[in-house]
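Be aware that the sequence shown starts at 523, since it is given in the working numbering, and climbs by one per residue.
Structure first, commentary second.
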Amino acid sequence: MLYNYNKGPCTVCGREKSKESKERFQKIQTQTLAKVQRSPEASLLTAKLQVGYQLCQEHYNKLVCYDHNMKSSKRRNNTINDTTYYGKNIQEKRVRLSQENNAITIEQLELQIKELEKELERSQMNGNNNESAQLSNFFNSQMGRMTRVFYQHQRKGNLPIQNADEFVCLIEAHDPELCSFFDILFRSMNPNETRQQLKQKVMMLCYQMAALRNKQVSGAKAAIGLYMTGTGTSTAGINTLSNMGISATYQTVYNNKKKIVAAHEQSVQKYISDNRNQLLILNMDDYHDLHESRIPSITSINRISHMATTLLNTSSIAPIPLFTSNLFSIHNPNGVDALLLKNVLYSQYMTRFAISYNTQKSTWISINDINSLNESDLMESLAIHCYDADLTEKHVRKFDTTKLVDFIPSDLKI
Numbered sequence: 523m524l525y526n527y528n529k530g531p532c533t534v535c536g537r538e539k540s541k542e543s544k545e546r547f548q549k550i551q552t553q554t555l556a557k558v559q560r561s562p563e564a565s566l567l568t569a570k571l572q573v574g575y576q577l578c579q580e581h582y583n584k585l586v587c588y589d590h591n592m593k594s595s596k597r598r599n600n601t602i603n604d605t606t607y608y609g610k611n612i613q614e615k616r617v618r619l620s621q622e623n624n625a626i627t628i629e630q631l632e633l634q635i636k637e638l639e640k641e642l643e644r645s646q647m648n649g650n651n652n653e654s655a656q657l658s659n660f661f662n663s664q665m666g667r668m669t670r671v672f673y674q675h676q677r678k679g680n681l682p683i684q685n686a687d688e689f690v691c692l693i694e695a696h697d698p699e700l701c702s703f704f705d706i707l708f709r710s711m712n713p714n715e716t717r718q719q720l721k722q723k724v725m726m727l728c729y730q731m732a733a734l735r736n737k738q739v740s741g742a743k744a745a746i747g748l749y750m751t752g753t754g755t756s757t758a759g760i761n762t763l764s765n766m767g768i769s770a771t772y773q774t775v776y777n778n779k780k781k782i783v784a785a786h787e788q789s790v791q792k793y794i795s796d797n798r799n800q801l802l803i804l805n806m807d808d809y810h811d812l813h814e815s816r817i818p819s820i821t822s823i824n825r826i827s828h829m830a831t832t833l834l835n836t837s838s839i840a841p842i843p844l845f846t847s848n849l850f851s852i853h854n855p856n857g858v859d860a861l862l863l864k865n866v867l868y869s870q871y872m873t874r875f876a877i878s879y880n881t882q883k884s885t886w887i888s889i890n891d892i893n894s895l896n897e898s899d900l901m902e903s904l905a906i907h908c909y910d911a912d913l914t915e916k917h918v919r920k921f922d923t924t925k926l927v928d929f930i931p932s933d934l935k936i
């Protein structure tokens, strides 16, 4: 490429000197080429500069005269690193590199590599943190929704649902955003276990997590506490489960039992009041089961269980008239004679039921000829029966008109 001496064009911008312009163009000399290569602007150039090329005043100042305002000490530091000299034949020759400067350059490269590695690790951690944050936000949102469903369901006086399928229908019906959330929790567990049993465990896990999020959602914990008291768990045992977040405290369970008793008494009174114009039948039944399914432990063996129930039932027959056709009252003027009822019940039923097996056995021993007694009478006098068949039959019946007044479970000792 041929250039007009000191008239341009500029190798960088391509501008030429006009007739009216007084701008000076500078020619790159051998001594200034090294300064051009060390200048901060050299890395931004798209064209390769060589000796003899021309630069406009603006680019000459940026590429050659950039260090005019620097201090002499700083300028000396910049020039001392240059180990290139230029001979008479205008050829660039590298004569030597300072070992000290070479070591500094390697250290700088190592530092840059370490910084790049740290930056890569930070970017990977940020990516993992973003994924973890998204998962955390999703789980937090779903748990908040599920907790609100439990809280609203409990505020309406409903008991905790114990069936896993009904549980899923409840949360999904109240909040469509919870659809498939239970399945996500279920699939995260071990799917090789029995599916129904695992669903029950996941359901209880949901109740526990909701209770940790909101203390008002305590229906499941209260139900577990009531069950533990029914099985004979000690106060310390229930409080230990409460500290683990599984059950309510013993005091809370005791207060709930008092509320249940009061509510049951009110329901019995309401039942009697609603059916006061109908015939009420009081049933008192004793059930003894010799085949209780129970796993023996090191401290106890299978026991004979005993259950007594008191039921009220109504009859839909027409009520008894107060007077006969002769206008005589058919009722006892004294009303219900409680003393007479107690005497009859005690003499006909309680005296026989109160006899233990050992007492009855000693009575049989005193009899000379045991064959003279009827076998059915012998069995009836034991007062020990298995009503499994009767219970199965009653389970099929409808109990819409029956009210349970009391239920007394105990161990039968013979």
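Positions of the beta carbon are idealized from the N, C-alpha and C atoms, including for glycine.
Problem set entry | Close-in-space but distant-in-sequence residues of the same chain around P931 (CB under 6 angstroms, 5 per side omitted) | In the sequence shown, counting from the first residue as 1, residue 931 sits at position 409. Once the five neighbours on either side are set aside, the close Cβ partners of P931 are M829.
Exercise. When the Cα atoms are used, what is the spatial distance from Y749 to L849?
Worked result: The residue given as residue 749 occupies position 227 in the sequence shown. The residue given as residue 849 occupies position 327 in the sequence shown. Taking the straight line from one Cα to the other gives about 56 angstroms.
Exercise. Taking Cβ positions only, does T669 come closer than 7 angstroms to chain D?
Worked result: The chain labelled as chain D is not found in the depicted structure, where only one protein chain is given.
Exercise. Quick one: what does DSSP say A830 is sitting in, helix, strand or coil?
Worked result: Here residue 830 corresponds to residue number 308 of the sequence shown, with the count starting at 1. Here A830 sits in strand by DSSP.
Problem set entry | For M806: DSSP bridge partner residues | Working through the sequence shown from its first residue, we reach residue 806 at position 284. Answer by DSSP bridge pairing, in chain order: T832.
Exercise. Should G741 go down as buried or exposed, given a rule of 16 or more other Cβ atoms within 10 Å for buried?
Worked result: The residue labelled residue 741 in the question sits at position 219 within the sequence shown. Around the C-beta of G741, 16 or more other C-beta atoms lie within 10 Å, and the residue is accordingly described as buried.
For this session: Would you be able to state if there are at least three C-beta pairs under 8 angstroms between the stretch 549-557 and the stretch 567-577?
Result: These segments touch.
For this session: Can you say whether P682 is buried or exposed, counting buried as having 16 or more other CB atoms within 10 angstroms of its CB?
Result: Stepping through the sequence shown from its first residue, residue 682 is reached at position 160. Counting Cβ neighbours within 10 Å, P682 comes out buried, since at least 16 surround it.
For this session: Please state if the CB of T924 and the CB of N835 are separated by a distance shorter than 7 angstroms.
Result: Here residue 835 refers to the residue found at position 313 when the sequence shown is read from its first residue. Here residue 924 refers to the residue found at position 402 when the sequence shown is read from its first residue. Closer than 7 angstroms, so yes.
Problem set entry | Which listed residue (Y729, R735, M731, Y776) has its alpha carbon closest to that of Q752 | Indexing the sequence shown from 1 puts residue 752 at position 230. One detail in the question is off: residue 752 reads as Gly in this sequence, not Gln. The shortest C-alpha separation from G752 is found at Y776.
Exercise. CA-CA distance, L802 and D796?
Worked result: Translated into the one-based positions of the sequence shown, residue 802 becomes position 280. Translated into the one-based positions of the sequence shown, residue 796 becomes position 274. Rounded to the nearest angstrom, the two C-alpha atoms are 11 angstroms apart.
Problem set entry | Cut-off 6 angstroms between Cβ atoms - residues of its own chain near D928, not counting five sequence neighbours on either side | Taking the sequence shown and counting its residues from 1, the one referred to as residue 928 is at position 406. Cβ within range, chain order: T832.
Problem set entry | C-alpha distance - N799 paired with N680, whole-angstrom precision | For this step, residue 799 is matched to residue 277 along the sequence shown. For this step, residue 680 is matched to residue 158 along the sequence shown. Taking the Cα positions, N799 is about 31 angstroms away from N680.
Problem set entry | Among Q664, R735, V790, nearest to G767 - alpha-carbon criterion | The residue given as residue 767 occupies position 245 in the sequence shown. Considering only alpha carbons, the answer is R735.
For this session: Give the straight-line distance between the Cα atoms of Q505 and A732, rounded to the nearest whole angstrom.
Result: The first residue shown for the chain is 523 and the last is 936, placing residue 505 beyond what the model contains.
For this session: Output the boundary residues of the alpha helix (DSSP H) element that contains I760.
Result: Residue 760 sits at position 238 when you count from the first residue of the sequence shown. Taken as a continuous stretch (DSSP letters only), the alpha helix (DSSP H) holding I760 covers 757-765.
Exercise. R546 and Q579 look like a contact to me (Cβ under 8 angstroms); what is the Cβ gap, rounded to whole Å?
Worked result: As a working note, residue 546 is residue 24 in the sequence shown. As a working note, residue 579 is residue 57 in the sequence shown. Cβ atoms of R546 and Q579 come within 8 angstroms of each other, at about 6 angstroms.
Problem set entry | Secondary structure of L862, DSSP reduced to three states | Here residue 862 corresponds to residue number 340 of the sequence shown, with the count starting at 1. L862 falls in the helix class under three-state DSSP.
Exercise. DSSP three-state call for T669: helix, strand or coil?
Worked result: Position 147 of the sequence shown, counting from 1, holds the residue named residue 669. Here T669 carries a helix assignment [DSSP, helix/strand/coil].
Exercise. In three-state DSSP terms, what is D928?
Worked result: Along the sequence shown, one-based indexing puts residue 928 at 406. Three-state DSSP puts D928 in a strand.
Exercise. How many Å lie between G747 and H696 at the Cα?
Worked result: Along the sequence shown, one-based indexing puts residue 747 at 225. Along the sequence shown, one-based indexing puts residue 696 at 174. In this structure, the CA atom of G747 is about 27 angstroms from the CA atom of H696.
Exercise. From this set, Q646, E694, N761, which residue's C-alpha is nearest F672's C-alpha?
Worked result: Position 150 of the sequence shown holds residue 672. The shortest Cα separation from F672 among Q646, E694, N761 belongs to E694.
Exercise. Are the CB atoms of F689 and M665 nearer to each other than 7 angstroms?
Worked result: Here residue 689 is taken as the residue at index 167 of the sequence shown, counted from 1. Here residue 665 is taken as the residue at index 143 of the sequence shown, counted from 1. It is not a contact, given that the beta carbons lie outside the stated cut-off.
Exercise. Using DSSP with H/G/I as helix, E/B as strand and the rest coil, what is L692?
Worked result: For the purposes of this step, residue 692 is taken as residue 170 along the sequence shown, with counting starting at 1. If DSSP states are grouped into helix, strand and coil, L692 belongs with the helices.
For this session: Report back the beta-carbon spacing between S769 and L763 to the nearest angstrom; my notes put them in contact at under 8 angstroms.
Result: If you number the sequence shown from 1, residue 769 lands on position 247. If you number the sequence shown from 1, residue 763 lands on position 241. With 8 angstroms as the limit, S769 and L763 qualify as a contact, their Cβ atoms being about 4 angstroms apart.
Exercise. Secondary structure at K737, three-state DSSP: helix, strand or coil?
Worked result: Counting from one through the sequence shown, the residue named residue 737 turns up at place 215. Coil at K737, not helix or strand.
For this session: Output the distance between the C-alpha atoms of N865 and I782, rounded to the nearest integer angstrom.
Result: One-based indexing of the sequence shown puts residue 865 at position 343. One-based indexing of the sequence shown puts residue 782 at position 260. In a straight line, the C-alpha of N865 is about 33 angstroms away from that of I782.
Exercise. Which whole-angstrom value is the C-beta distance of Y582 and Q634, which I expect to be below 8 angstroms?
Worked result: The sequence position of residue 582 within the sequence shown is 60, counting from 1. The sequence position of residue 634 within the sequence shown is 112, counting from 1. The C-beta separation of Y582 from Q634 comes to about 32 angstroms, leaving the pair out of contact by the 8 angstroms criterion.
Problem set entry | Per-residue burial, C691 [other beta carbons within 10 Å of its own, 16 or more giving buried] | Start at 1 with the first residue of the sequence shown, and residue 691 comes out as number 169. Answer is exposed; the Cβ neighbour count stays below 16.
Problem set entry | Pick from S789, Q773, M806, E643 that is closest to L867, judged by C-alpha positions | Indexing the sequence shown from 1 puts residue 867 at position 345. Ranking the options by Cα distance to L867, first place goes to M806.
For this session: Using the Cα positions of R560 and Q551, report the straight-line distance between them to the nearest angstrom.
Result: For this step, residue 560 is matched to residue 38 along the sequence shown. For this step, residue 551 is matched to residue 29 along the sequence shown. Annotation: R560 to Q551 spans about 15 angstroms, alpha carbon to alpha carbon.
For this session: Check the C-beta distance from M668 over to L720 and give it rounded, since I have them as a contact under 8 angstroms.
Result: For the purposes of this step, residue 668 is taken as the residue at position 146 of the sequence shown. For the purposes of this step, residue 720 is taken as the residue at position 198 of the sequence shown. M668 to L720, Cβ: 18 angstroms. No contact.
Problem set entry | Enclosing alpha helix (DSSP H) for V558 [first to last residue] | Position 36 of the sequence shown, counted from the first residue, corresponds to residue 558. First-last of the alpha helix (DSSP H) with V558: 552-560.
Exercise. Can you give the Cα-Cα distance for L638 and P562, rounded to whole angstroms?
Worked result: Translated into the one-based positions of the sequence shown, residue 638 becomes position 116. Translated into the one-based positions of the sequence shown, residue 562 becomes position 40. A direct Cα-Cα distance of roughly 23 angstroms separates L638 from P562.
For this session: Indicate whether A744 and N778 have their beta-carbon atoms separated by less than 7 angstroms.
Result: Reading the sequence shown from its first residue, position 222 is the one you call residue 744. Reading the sequence shown from its first residue, position 256 is the one you call residue 778. Yes, the pair counts as a contact, with Cβ atoms nearer than the cut-off.
Problem set entry | Helix, strand or coil at K781 [DSSP, three-state] | If you number the sequence shown from 1, residue 781 lands on position 259. Collapsing the DSSP output to three states places K781 in a helix.
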